[in-house]
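Trainee: Each residue of the sequence shown is one higher than the one before, starting from 247 at the first, in the numbering used here.
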Amino acid sequence: MVNRLTKAVWILFPLLLMIYNFSQANPVDQAKKLNAKGLELARKNRIDEAIEKFNHSLEVNPRDGETYVHLANAYLQISNLNAAEVACQQAKLLLPDTAEVYATMSQIFHRRGELEAAKKEYEQAIRFDSNVAEYHYHLANVYHSLGQFEAAKKEYLETLNLSPKSPLVYHNLGEIYYMEGKLDQAIEAYQKSLSYSNNGQNTKKRLNEVILEKQDQIGKEILRNQLA
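1) Using a Cβ-Cβ cutoff of less than 7 Å, which residues in the same chain neighbour Ile372 once the five nearest sequence positions on both sides are dropped?
2) Are there three or more Cβ pairs, one per stretch, closer than 8 Å when the segment 464-472 is compared with the segment 435-450?
3) Along the chain, where does the alpha helix (DSSP H) that runs through Glu360 open and close?
4) Just mark Glu455 as buried or exposed, buried being the case when its beta carbon has 16 or more other beta carbons within 10 Å.
5) At what residues does the alpha helix (DSSP H) containing Ser439 begin and finish?
6) Count the other C-beta atoms from every protein chain shown that fall within 10 angstroms of the C-beta of Met351, then say buried if there are 16 or more, exposed otherwise.
7) At a cut-off of 7 Å, would you count Glu346 as near the ligand ZN, judging by its Cβ distance to the nearest heavy atom?
8) Per DSSP, what kind of secondary structure is Lys279 in: helix, strand or coil?
9) Rounded to a whole number of angstroms, what is the C-alpha to C-alpha distance between Ser439 and Leu453?
10) Provide the residue span of the alpha helix (DSSP H) that contains Thr344, from first to last.
11) Whose C-beta lies closer than 6 Å to the C-beta of Ile354 among residues of the same chain, with five residues either side of it excluded?
12) Return the first residue and the last residue of the alpha helix (DSSP H) that Leu458 is part of.
13) Between the Cα of Lys365 and the Cα atoms of Asn387, Phe374 and Tyr416, which residue gives the shortest distance?
14) Counting C-beta neighbours from all protein chains within 10 Å, is the total for Lys299 16 or more, i.e. buried, or is it exposed?
15) Per DSSP, what kind of secondary structure is Gln394 in: helix, strand or coil?
16) Where does the unbroken alpha helix (DSSP H) through Val315 begin, and where does it stop?
17) Less than 8 Å between the beta carbons of Ala320 and Ala288, yes or no?
18) Along the chain, where does the alpha helix (DSSP H) that runs through Pro413 open and close?
19) Using 10 angstroms around the beta-carbon of Ser376, count the other beta-carbons present and answer buried if the total reaches 16, otherwise exposed.
20) Looking only at its own chain, which residues have a Cβ that is under 6 Å from the Cβ of Leu340, when we skip the five neighbours before and after it?
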């Protein structure tokens with residue numbers, strides 16, 4: 247009887263071990279599946295359902311920093327900035343060296359109009375990953391809004407190093423060159439913008455305005471020379 251029982255235990259032991267291992271791994275796998283489903287729903291713009299899936303995933307595995315980032319971005323899409331910040335703070339605790347966390351937090355501050363805070367977060371994002379054009383572009387926009395045009399120009403140019411066919415970046419560069427009185431460079435930047443997008447009506451308008459201003463400037467210069 248004892249031998250039969252021992253034999254049965256040895257036969258069942260691998261199966262029991264497999265069931266135990268599966269039960270231990272299952273919560274993480276379940277959380278990953280819920281997170282993946284949340285991302286799928288977010289891509290379909292079913293944001294409320296996506297948020298529900300992300301929260302469920304975090305109930306199963308509350309140590310998943312990436313899911314907190316996804317949750318924060320989902321809250322951003324419905325402009326729930328307070329909830330987005332709470333989720334992002336949790337992501338920071340779990341992923342303190344991850345650029346995407348700081349980029350997401352910077353978007354929250356930017357949407358609130360807290361530009362100095364947004365600037366610091368974008369700078370941190372770039373410190374952890376300087377090869378993402380989007381980070382440089384958004385930081386440039388913050389600098390632009392703060393009136394720090396030289397810093398903005400530097401970041402726009404860095405954006406173009408990483409993503410050289412961006413009409414919006416060229417348009418914004420044109421605006422800075424214009425404010426600096428560099429009309430030739432402004433015209434060139436607007437033309438570059440239009441070469442990558444034929445739908446830039448505002449860019450076309452600005453280009454025509456600056457060309458007319460440049461022509462007027464040349465005409466006045468000719469007149470001054472004639473009168474000298």
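Even for Gly, the Cβ is constructed at its ideal location relative to N, Cα and C. Just so we're clear, the structure is a prediction, and the values are computed from it rather than from any experiment.
Mentor: On the basis of the data shown:
1) These residues qualify, in order along the chain: Tyr381, His382 and Leu385.
2) At 8 Å Cβ cutoff, the stretches do not touch.
3) From DSSP, Glu360 is part of no alpha helix (DSSP H); its letter is neither H nor E.
4) exposed
5) Leu429 to Tyr442
6) buried
7) Looking at this structure, you won't find the ligand ZN or any other ligand, since it has none at all.
8) helix
9) If I take the Cα positions, the gap works out to 10 Å.
10) Per DSSP, Thr344 belongs to no alpha helix (DSSP H) and is neither H nor E.
11) Leu327, Ala330 and Glu331
12) Gln447 to Leu473
13) Asn387
14) So Lys299 ends up on the buried side.
15) coil
16) Gly311 to Gln323
17) yes
18) Pro413 to Met425
19) exposed
20) Within the same chain, Leu340 has close Cβ partners Gly311.
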